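These notes are about the structure you will find just below.
In the numbering used here, the protein residues as written are 317 to 723.
What follows is the structure in structure tokens.
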């Protein structure tokens with residue numbers, strides 16, 4: 317059913333709508349978000365294209381696109397002239413239409429990113445540490461947001477539509493594995509980081525699991541191609557993942573769907589263990605430390621690890637076997653089209669890992685299953701921070717929101 321389109325009014329009214337929370341009155345009209353989703357997916361579309369895709373009347377589409385243009389969320393492209401009739405005018409997303417901030421709180425580093433409406437990175441800050449401490453993290457975010465906003469024009473600053481936090485759930489449970497003082501990690505148990513940051517921001521703040529957020533970044537900003545259902549692995553300090561079903565990020569009622577790091581896989585001794593205990597980069601650092609090698613560069617230089625040698629070869633061999641079993645196990649539950657692997661690692665290492673997973677899957681008995689295509693992710697090392705920024709974008713401007721758990 318076609319729904320009416322409320323008049324948006326003055327620039328002040330638009331700013332109010334951008335800054336509002338995610339209750340029903342603050343959400344954009346469904347048809348508006350449907351149009352924005354289609355334009356994002358296809359790059360640019362004419363009114364006739366959208367009417368054909370949505371089944372909405374030409375008049376309704378015309379009203380929607382005119383108001384989205386008035387809101388500066390869409391911009392006109394060069395007319396396309398055909399042989400008959402008036403030229404069609406494609407509309408594309410306006411990069412300046414809205415801005416979003418993403419925060420990744422990891423076990424070894426934090427990242428803050430500012431993106432525009434197209435997903436282009438406008439600013440990025442990074443803070444490395446041995447372990448995450450709540451007060452230090454909030455101080456980093458406070459200073460970082462101030463720096464980023466100071467570099468925007470007043471008009472751009474008014475169009476910040478939200479901040480998304482991507483962080484591991486129950487971070488305090490990883491104190492021993494992360495090598496952190498338990499009393500510091502226990503502070504996370506009693507700290508509402510979303511509320512702390514919301515208190516500093518006039519725009520809504522969202523929270524999601526870090527690996528699930530990375531999956532959301534692949535869905536919104538990546539090159540997923542025609543795949544509507546895929547299982548996603550992000551290999552960071554610890555391995556995690558996410559699930560996309562019917563073109564939408566699925567996080568489940570408790571936000572833990574796609575908690576692939578906890579999936580049982582064969583360990584080095586053949587006994588069951590969790591994927592996180594084999595495929596995590598922390599395991600590679602542990603192997604380097606055993607040889608007296610400082611592996612801190614794994615976290616500070618993710619674009620280039622240099623010549624690691626046998627330790628990297630061994631890690632890829634064991635991680636790929638574990639990932640292969642995890643993919644086959646996941647495929648026995650859901651008929652995925654693709655299995656996507658990304659992570660905090662150089663591109664050549666990611667390529668080697670994906671190739672090794674593809675080879676390892678071929679040796680597993682998968683009779684009765686149609687296995688997914690294994691491919692590399694396309695967002696890269698900043699997928700978690702980008703995924704954080706995708707939370708307000710998806711929740712407020714696209715159909716099929718990221719089920720972020722609310723603001």
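Where is the CB? At the ideal position from N, CA and C, for every residue including glycine.
Keep in mind it's a predicted model, so treat the numbers as computed, not measured.
Of the listed residues 385, 675, 686 and 553, nearest to residue 661 (C-alpha basis)
Residue numbering aside, residue 661 sits at position 345 when the chain shown is read from its first letter. Per the Cα distances, 553.
Taking residue 651 as the reference, give the member of 684, 386 and 592 with the closest Cα.
Translated into the one-based positions of the chain shown, residue 651 becomes position 335. Among 684, 386 and 592, the Cα nearest to that of residue 651 is on 684.
Any idea what DSSP makes of residue 550, helix, strand or coil?
On the chain shown, position 234 is the one that residue 550 refers to. Looking at residue 550 - three-state DSSP - the assignment turns out to be strand.
Where does residue 423 land, buried or exposed, given buried means 16+ other C-beta within 10 angstroms?
Residue mapping note: residue 423 aligns to position 107 of the chain shown, counting from 1. Counting Cβ neighbours within 10 Å, residue 423 comes out buried, since at least 16 surround it.
Using the DSSP secondary-structure output, state which residues sit across from residue 692 in a beta bridge.
The residue given as residue 692 occupies position 376 in the chain shown. DSSP, once it has assigned bridges, lists 657 as partnering residue 692.
Drop a sphere of 10 angstroms on the beta-carbon of residue 375, count the other beta-carbons inside from all chains shown, and report buried for 16 or more, exposed for fewer.
If you number the chain shown from 1, residue 375 lands on position 59. Exposed.
In three-state terms, what does DSSP make of residue 347?
By 1-based counting over the chain shown, the position of residue 347 is 31. Here residue 347 sits in helix by DSSP.
Measuring only the C-alpha atoms, how far is residue 689 from residue 715?
Here residue 689 is taken as the residue at index 373 of the chain shown, counted from 1. Here residue 715 is taken as the residue at index 399 of the chain shown, counted from 1. When rounded, the distance between both Cα atoms is 26 Å.
Specify the secondary structure class of residue 315 as computed by DSSP and reduced to three states.
Given that the chain is displayed from residue 317 to residue 723, the structure contains no residue 315 and the question cannot be resolved.
Along the chain, where does the beta strand (DSSP E) that runs through residue 596 open and close?
What you label residue 596 is simply residue 280 of the chain shown in a count that begins at 1. Residue 596 -> no beta strand (DSSP E), and no H or E assigned at all.
Please classify residue 712: does DSSP put it in a helix, a strand, or coil?
Here the question's residue 712 lines up with position 396 in the chain shown. Of the three classes helix, strand and coil, the one that applies to residue 712 here is helix, per DSSP.
Within the same chain, show all residues whose beta-carbon is closer than 7 Å to that of residue 340, passing over the 5 residues directly before and after it, in chain order.
Reading the chain shown from its first residue, position 24 is the one you call residue 340. The predicted position of residue 340 is uncertain, since its pLDDT is 35 and thus under 50; a value taken from the coordinates is nonetheless stated next. Result list for residue 340: empty, nothing under 7 Å.
Grab me the residues of residue 643's own chain with a C-beta within less than 6 Å of its C-beta, minus the 5 sequence neighbours each way, in chain order.
In the chain shown, residue 643 corresponds to position 327, counting from 1. If we look at residue 643 and ignore the five residues flanking it on each side, its Cβ neighbours are 655.
Take the Cβ of residue 538 as the centre, count every other Cβ of all protein chains shown within 10 Å, and call the residue buried at 16 or more, exposed below.
As a position in the chain shown, residue 538 is number 222, starting the count at 1. So residue 538 counts as buried.
Residue 589 - DSSP class collapsed to helix/strand/coil:
Taking the first residue of the chain shown as 1, we reach residue 589 at position 273. In this structure, residue 589 counts as strand in the three-state DSSP scheme.
Tell me which residues share the same chain as residue 396 and place their Cβ nearer than 8 Å to its Cβ, disregarding the 5 neighbours each side in the sequence.
Taking the chain shown and counting its residues from 1, one reaches residue 396 at position 80. Contacts found: 362, 403, 404, 405 and 406.
Could you give the uninterrupted runs of the alpha helix (DSSP H) lying entirely in the stretch 419 to 443, keeping only those of 4 residues or more?
none
Pair every Cβ in the stretch 560 to 567 with every Cβ in the stretch 427 to 440, then say whether three or more of these pairs are closer than 8 Å.
no
Quick one: what does DSSP say residue 697 is sitting in, helix, strand or coil?
As a first step, residue 697 must be located in the chain shown, where it is residue number 381. Residue state, collapsed to three classes: coil.
Rounded to whole angstroms, what is the Cα-Cα separation between residue 497 and residue 390?
Sequence index remark: in the chain shown, residue 497 carries index 181 (1-based). Sequence index remark: in the chain shown, residue 390 carries index 74 (1-based). Near 50 Å, if we compare the C-alpha coordinates of residue 390 and residue 497.
Residue of 380, 360 and 455 minimising C-alpha distance to residue 393:
Reading the chain shown from its first residue, position 77 is the one you call residue 393. Residue 360 is the option with its Cα nearest to residue 393.
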